[in-house]
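Residue numbers (my numbering): 2 to 380. Glycine residues also receive a C-beta, built at the ideal position from the N, C-alpha and C atoms.
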């Protein structure tokens with residue numbers, strides 16, 4: 002199960018003290034750090050990797066007890082995310098973790114490996130040779146990875162160990178510094194605090210793809226993350242807490258039954274809305290991409306006052322024979338909206354010589370050809 006690629010994402014983690022029922026979310030890429038490294042990752046040990054599984058977890062740097070090792074590492078790992086900077090999940094236990102550290106002296110490396118065994122939740126370890134450039138690290142059997150004990154260190158840990166090029170590791174450590182504090186201190190902190198709980202945490206998440214996975218699908222951990230995020234987003238949208246455009250969701254589809262409730266009428270007409278049979282015909286033709294040939298409507302030939310009708314239309318709620326007021330339509334003037342903004346064709350006003358163009362009016366009071374806007378909203 003050798004490593005084939007590395008992906009970095011950004012997660013929002015709830016503060017268990019101020020938000021004990023919250024869940025984690027993947028931060029939209031517009032306001033977060035994301036990166037993929039498709040090659041130059043060296044596998045040093047495959048302990049603890051199940052066949053078909055990726056190695057995933059939150060990125061952190063272990064804090065070792067060896068003072069000499071801490072001093073030697075300081076220039077590489079200062080102000081990065083540490084174990085104490087990661088909150089505990091509300092469900093109990095600990096989040097999965099992936100460690101990152103420089104490969105220095107044998108004693109220092111052993112200190113890092115030992116600390117990772119003690120920190121709960123560690124799923125893997127990423128090492129790098131300082132100042133090693135961007136090329137692929139040395140082979141796993143190289144003397145560079147020797148600790149003077151015959152390579153037994155590879156069998157002592159219950160997690161896999163990988164090596165990164167120095168340039169990639171340096172970049173990750175730099176990003177870790179930016180995402181080790183509170184939410185307001187990270188990049189796009191103002192936008193993130195408007196979208197998420199300001200007391201939460203923004204941290205980096207690592208997904209190491211292994212050749213033994215045999216699939217391009219993300220791990221179960223990612224699937225669970227996506228599912229929880231969708232559930233939480235759906236709840237927050239329903240409560241009016243989330244701006245969908247701020248999350249990068251630009252297009253929403255509209256069900257047919259909702260479209261049917263949006264009024265249809267002849268452009269320039271002040272008469273009643275189209276009856277159900279005509280509205281259904283337009284909707285059917287819009288789905289096929291053509292305009293209805295013939296629409297029967299009392300408003301198609303002349304303006305008139307609303308006449309009572311025995312059958313209610315989608316645009317009339319509570320219509321009765323006793324002349325209850327029908328649903329009002331804004332009906333833009335011919336000068337204000339003379340053209341369909343989708344196909345750019347001009348509307349033909351209803352007159353004695355022309356049946357006029359059938360238009361659909363949206364709740365925002367903009368009008369379009371039904372065959373244009375229906376297809377746009379449904380797909």
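Which partner residues of residue i appear in the DSSP bridge assignment?
i           : result
residue 367 : None, per the DSSP bridge assignment.
residue 26  : 13
residue 227 : The partner list for residue 227 (beta bridge, DSSP) is empty, contrary to what the question assumes.
residue 203 : 13
residue 8   : 37, 208
residue 164 : 43, 128
residue 61  : 100
residue 347 : 340
residue 1   : Coverage of the chain is limited to positions 2 through 380, which leaves residue 1 absent and any answer about it impossible.
Does residue i pass the burial test, meaning 16 or more other C-beta atoms within 10 Å, or should it be called exposed?
i           : result
residue 345 : exposed
residue 138 : buried
residue 352 : exposed
residue 362 : buried
residue 257 : exposed
residue 267 : buried
residue 377 : exposed
residue 43  : buried
residue 157 : exposed
residue 341 : buried
residue 161 : buried
residue 55  : buried
residue 339 : exposed
residue 227 : exposed
Assuming contact is defined by CB atoms lying nearer than 8 angstroms, are residue i and residue j in contact in what I supplied?
i           : j           : result
residue 99  : residue 78  : no
residue 208 : residue 57  : yes
residue 371 : residue 359 : yes
residue 4   : residue 210 : yes
residue 203 : residue 187 : yes
residue 1   : residue 23  : With the chain covering 2 to 380 only, the question about residue 1 has no answer from this structure.
residue 206 : residue 82  : no
residue 73  : residue 129 : no
residue 59  : residue 97  : yes
residue 136 : residue 166 : yes
residue 365 : residue 343 : no
residue 32  : residue 150 : no
residue 7   : residue 101 : no
residue 116 : residue 176 : no
residue 379 : residue 238 : no
residue 198 : residue 20  : yes
residue 25  : residue 9   : no
residue 127 : residue 154 : no
residue 70  : residue 45  : no
residue 420 : residue 375 : Outside the displayed span of the chain (2 to 380) sits residue 420, for which this structure offers no information.
residue 269 : residue 190 : no
Secondary structure at residue i, three-state DSSP: helix, strand or coil?
i           : result
residue 209 : strand
residue 102 : strand
residue 267 : strand
residue 46  : strand
residue 93  : coil
residue 37  : strand
residue 113 : helix
residue 234 : helix
residue 359 : strand
residue 196 : helix
residue 123 : strand
residue 77  : helix
residue 401 : Nothing can be reported for residue 401: it is not among the residues displayed for the chain, which extend from 2 to 380.
residue 170 : helix
residue 107 : helix
residue 378 : helix
residue 69  : helix
residue 145 : helix
residue 262 : coil
residue 354 : coil
residue 177 : helix
residue 86  : helix
residue 19  : coil
residue 191 : helix
residue 31  : helix
residue 1   : As shown, the chain starts at 2 and ends at 380. That puts residue 1 outside it, with no answer to give.
residue 185 : helix
Note to self: Three or more C-beta pairs under 8 angstroms: does that hold for the segment 224-241 against the segment 37-54?
What the structure shows: No, the segment 224-241 does not touch the segment 37-54.
Next item on the list: Taking 8 angstroms as the threshold, find out whether the segment 103-110 comes into contact with the segment 12-19 through three or more Cβ pairs.
Entry: Too few Cβ pairs lie closer than 8 angstroms, so no.
Next item on the list: Could you tell me whether the segment 176-192 touches the segment 143-151, using the rule of 3 or more Cβ pairs below 8 angstroms?
Entry: The segment 176-192 vs the segment 143-151: no contact.
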